[in-house]
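Counting from 1 along the sequence shown, just add 20 to a position and that's the residue number in the numbering used here.
For every residue, glycine included, the Cβ atom is placed at its ideal position computed from N, Cα and C.
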Amino acid sequence: MKTIVFIGSNKYGTSRAALTVAKEMGYAVILFTDKHSHLEFAEVDQAILIKDLLNEQRITYEILLLQKTGKQICACVSFIDPYVAYAARLSKLLGLKVVSLQPLSIMENKITLRETIKHLPITPVYWITHPEDSLQNINGNSPLPLPLVIKAPVSNGSKDVFMVTTAAELTKAIGYLRDKYPNSSLLIEEFLEGSQYLVELVVHNGVLKFMEVLEQDVIYNGKFIVGAYQYPAILEETLRINLITHISDIMRELGFSNGSCHMELKLVQNEWKLIEINPRMSGGVMNQIIEEGTGINLLKEILNTYLGEEPAFTKTKSKYVNATYLTIQSRGKLLKVKGKEQALAHPGVTYVYVKPLKGTVLKKPYSMGDRYACIIAVSETEAQAKEIAQAAAKEIKFYIEPF
């Protein structure tokens, strides 16, 4: 039977939705996982538990066993960091249709990416500090211009990204990341003031086939947390054209001819600056946002790209979509959640998701994983979609026992 192999999955979000989409496309779904709780995923035909998913020899052996039982492996993919380029490498070993392996590997390391495209104007000012460097040597004898953003090169999400405004904060952030990643260099970037955007991309045979831009509402409370997405982002035509030019330049420099990725950018005084690129579709409810707004099942077309098929990006509708996330500002054990049905009852609300179960310990947002509910609203205007989502969000109440 025609089969798609997935390396890793989260319990919720894009990586889990990809399993369902593959099943709906008529493929047998094989999941390699390192989590016991994922063995019972209903949309998976066979889950194989492996403690270390980066054990290439073991994964290859298991895939060969699958082939011997009659499984026709058509693709090996992952929507989870750090397995995206790894899955592409396995595909190459298996003689499958291969997406752009080397560019995906470059994207997985923030420092390597910056160094590869450092001459492009979309790249912000940055410095690299190595494990053996003293802070005084990072910028010669000159102090670094504050504020700054400090990042670990292979970590994704917000938990290992720090904004610092004083020399003391800079020393503390670098010390923390050096303790956590003692053998790794660190990336230091200028802090960029401006609106923030996310761009979903699919490239097929060297052609940019899909590009959709969303505006992000970023909350900063010591960490950068995306509180909402607005689709589509409202951009002047000149800015959109400039963005396409920048993206084309980046794809050419990376040699990215087949695959998908997403970029985060800031618009600084009408100039685009790249925050980062991730070598996969964005997580969370991104597929629902795109499908509600365009009618395109982006995950399906990304899988088609991995399968070597021609992806189809025909819009069947054009709507404004707002996805608003909920966080809390105190710590405690969840007793109950109320208001989901009331939120769903708001006209225009198409999706309400509450993540934590009773007894879960909730806390202030430290990473994207600390967003505890999501409301998606659809309307004919940007303002109305946002208004509906925010009104529905007020219906959700978390009852917690502080401690």
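Worksheet item: With 16 as the cutoff for other CB atoms within 10 Å, does residue 57 come out buried or exposed?
Response: As a first step, residue 57 must be located in the sequence shown, where it is residue number 37. Answer is exposed; the Cβ neighbour count stays below 16.
Discussion item. Here's a check: name, in chain order, each residue in its chain whose Cβ is nearer than 6 angstroms to the Cβ of residue 40, leaving out the five neighbours to either side.
Written reply: To locate residue 40, count along the sequence shown from 1; it is residue 20. If we look at residue 40 and ignore the five residues flanking it on each side, its Cβ neighbours are 63.
Worksheet item: Would the beta-carbon of residue 335 fall within 7 angstroms of that of residue 354?
Response: Here residue 335 is taken as the residue at index 315 of the sequence shown, counted from 1. Here residue 354 is taken as the residue at index 334 of the sequence shown, counted from 1. No.
Fill in: Which of helix, strand or coil DSSP assigns to residue 103
Within the sequence shown, residue 103 is the residue found at index 83, counting from 1. Coil, per DSSP.
Worksheet item: Span of the alpha helix (DSSP H) holding residue 336?
Response: Counting from one through the sequence shown, the residue named residue 336 turns up at place 316. Counting along the chain, residue 336 falls outside any alpha helix (DSSP H), and DSSP gives it neither H nor E.
Worksheet item: Within this structure, are the beta carbons of residue 368 and residue 397 separated by less than 7 angstroms?
Response: By one-based count along the sequence shown, residue 368 stands at place 348. By one-based count along the sequence shown, residue 397 stands at place 377. Result yes, Cβ atoms of residue 368 and residue 397 sit closer than 7 angstroms.
Worksheet entry | Beta carbon of residue 279 nearer than 7 angstroms to that of residue 119 | As a first step, residue 279 must be located in the sequence shown, where it is residue number 259. As a first step, residue 119 must be located in the sequence shown, where it is residue number 99. Taking 7 angstroms as the Cβ cut-off, residue 279 and residue 119 qualify as a contacting pair.
Practice prompt. For the stretch 314-331 and the stretch 349-363, state whether three or more C-beta atom pairs, one from each stretch, are separated by less than 8 angstroms.
Written response: The stretch 314-331, when compared against the stretch 349-363, does not touch it at the 8 angstroms Cβ threshold.
Discussion item. Rounded to the nearest angstrom, what separates residue 285 and residue 214 at their Cα positions?
Written reply: The count along the sequence shown starts at 1 and reaches residue 285 at position 265. The count along the sequence shown starts at 1 and reaches residue 214 at position 194. Each residue's alpha carbon lies about 9 angstroms from the other.
Fill in: 4 or more residues per run - each alpha helix (DSSP H) lying fully within the stretch 220-278
257-274
Worksheet item: Among 260, 276, 34, 306, which residue has its Cα nearest to the Cα of residue 292?
Response: For this step, residue 292 is matched to residue 272 along the sequence shown. Comparing C-alpha distances from residue 292 to each of 260, 276, 34, 306 shows the shortest one belongs to 260.
Discussion item. Please identify the residue among 177, 370, 392 whose C-alpha is closest to the C-alpha of residue 405.
Written reply: Locating residue 405 in the sequence shown gives position 385, where the first residue counts as 1. It is 370.
Worksheet entry | Simplified DSSP state of residue 124, which is helix, strand or coil | Here residue 124 refers to the residue found at position 104 when the sequence shown is read from its first residue. If DSSP states are grouped into helix, strand and coil, residue 124 belongs with the helices.
Worksheet item: In whole angstroms, what is the alpha-carbon distance linking residue 92 and residue 76?
Response: Counting from one through the sequence shown, the residue named residue 92 turns up at place 72. Counting from one through the sequence shown, the residue named residue 76 turns up at place 56. Roughly 19 angstroms separates the two Cα atoms.
Worksheet entry | Contact check, residue 23 vs residue 42, beta carbons under 7 angstroms | The residue given as residue 23 occupies position 3 in the sequence shown. The residue given as residue 42 occupies position 22 in the sequence shown. Against a cut-off of 7 angstroms, the Cβ pair of residue 42 and residue 23 comes out as no contact.
Discussion item. Considering only the alpha carbon of each residue, which of 136, 309, 139 lies closest to residue 218?
Written reply: Residue mapping note: residue 218 aligns to position 198 of the sequence shown, counting from 1. The candidate whose alpha carbon is nearest that of residue 218 is 309.
Item to complete: Starting from the Cα of residue 174, find the closest Cα among 154, 206, 90 and give me that residue.
Response: Sequence index remark: in the sequence shown, residue 174 carries index 154 (1-based). Answer by Cα proximity: 206.
Worksheet item: Would you report the Cα separation of residue 411 and residue 347, rounded to the nearest angstrom?
Response: Walking along the sequence shown from the start, residue 411 turns up at place 391. Walking along the sequence shown from the start, residue 347 turns up at place 327. Approximately 15 angstroms, taken between the alpha carbons.
Worksheet item: Along the chain, which unbroken stretches of the alpha helix (DSSP H) at least 4 residues long are found entirely within the stretch 34-62?
Response: Taking only runs of at least 4 residues, the alpha helix (DSSP H) segments lying wholly in the stretch 34-62 are 34-44.
Worksheet item: Is DSSP giving residue 172 helix, strand or coil here?
Response: Reading the sequence shown from its first residue, position 152 is the one you call residue 172. In this structure, residue 172 counts as coil in the three-state DSSP scheme.
Worksheet item: beta strand (DSSP E) containing residue 397: first to last residue?
Response: What you label residue 397 is simply residue 377 of the sequence shown in a count that begins at 1. Here the beta strand (DSSP E) through residue 397 covers 393-399.
Worksheet item: Got a sec? Which residues, its chain only, sit under 6 angstroms from residue 409 by beta carbon, not counting five neighbours each side?
Response: In the sequence shown, residue 409 corresponds to position 389, counting from 1. These residues qualify, in order along the chain: 342, 344, 395, 397.
Worksheet item: residue 326 bridges to which residues according to DSSP?
Response: For the purposes of this step, residue 326 is taken as residue 306 along the sequence shown, with counting starting at 1. Bridge partners of residue 326: none, in fact.
Worksheet item: Rounded to whole angstroms, how far is the Cβ of residue 302 from the Cβ of residue 244, which I believe are closer than 8 angstroms?
Response: Taking the sequence shown and counting its residues from 1, one reaches residue 302 at position 282. Taking the sequence shown and counting its residues from 1, one reaches residue 244 at position 224. 15 angstroms between Cβ atoms; not a contact.
Discussion item. Please identify the residue among 294, 321, 384, 389 whose C-alpha is closest to the C-alpha of residue 137.
Written reply: In the sequence shown, the residue the question calls residue 137 occupies position 117. Closest by alpha carbon: 294.
Fill in: Rounded separation between residue 186 and residue 167 - CA only
As a position in the sequence shown, residue 186 is number 166, starting the count at 1. As a position in the sequence shown, residue 167 is number 147, starting the count at 1. Taking the straight line joining both Cα atoms gives about 7 angstroms.
Worksheet item: Can residue 158 and residue 107 be called in contact, C-beta distance under 7 angstroms?
Response: To locate residue 158, count along the sequence shown from 1; it is residue 138. To locate residue 107, count along the sequence shown from 1; it is residue 87. Result no, Cβ atoms of residue 158 and residue 107 do not sit closer than 7 angstroms.
Practice prompt. Report yes if the C-beta distance between residue 105 and residue 74 is below 7 angstroms; otherwise report no.
Written response: In the sequence shown, the residue the question calls residue 105 occupies position 85. In the sequence shown, the residue the question calls residue 74 occupies position 54. In this structure, residue 74 does not lie closer than 7 angstroms to residue 105 by Cβ.
Worksheet item: Nearest to residue 340 by alpha carbon, out of 311, 156, 231?
Response: The sequence position of residue 340 within the sequence shown is 320, counting from 1. Answer by Cα proximity: 311.
Worksheet item: What are the residues that DSSP puts in a beta bridge with residue 342?
Response: As a working mapping, residue 342 is identified with position 322 in the sequence shown. Answer is 250, 397, bridged to residue 342.
Worksheet item: From 172, 164, 202, pick the residue whose C-alpha is nearest to that of residue 190; which is it?
Response: Working through the sequence shown from its first residue, we reach residue 190 at position 170. When only C-alpha atoms are compared, the closest one is 164.
Practice prompt. Return the CA-CA distance between residue 193 and residue 184, expressed in angstroms with no decimal places.
Written response: For this step, residue 193 is matched to residue 173 along the sequence shown. For this step, residue 184 is matched to residue 164 along the sequence shown. Cα to Cα, residue 193 sits roughly 8 angstroms from residue 184.
Worksheet entry | Best match in 416, 276, 422, 374 for proximity to residue 122 [C-alpha to C-alpha] | Position 102 of the sequence shown holds residue 122. Across the set 416, 276, 422, 374, the C-alpha of 276 shows the shortest separation from the C-alpha of residue 122.
Worksheet item: Are residue 236 and residue 222 closer than 7 angstroms when you measure CB to CB?
Response: As a position in the sequence shown, residue 236 is number 216, starting the count at 1. As a position in the sequence shown, residue 222 is number 202, starting the count at 1. No, they are not a contact pair.
Worksheet item: How long is the line joining the alpha carbons of residue 233 and residue 109, rounded to whole angstroms?
Response: For this step, residue 233 is matched to residue 213 along the sequence shown. For this step, residue 109 is matched to residue 89 along the sequence shown. C-alpha separation (whole angstroms): 29 angstroms.
Worksheet item: When you compare only the Cα positions, how much space is there between residue 90 and residue 68?
Response: Start at 1 with the first residue of the sequence shown, and residue 90 comes out as number 70. Start at 1 with the first residue of the sequence shown, and residue 68 comes out as number 48. Roughly 17 angstroms between the two C-alpha positions.
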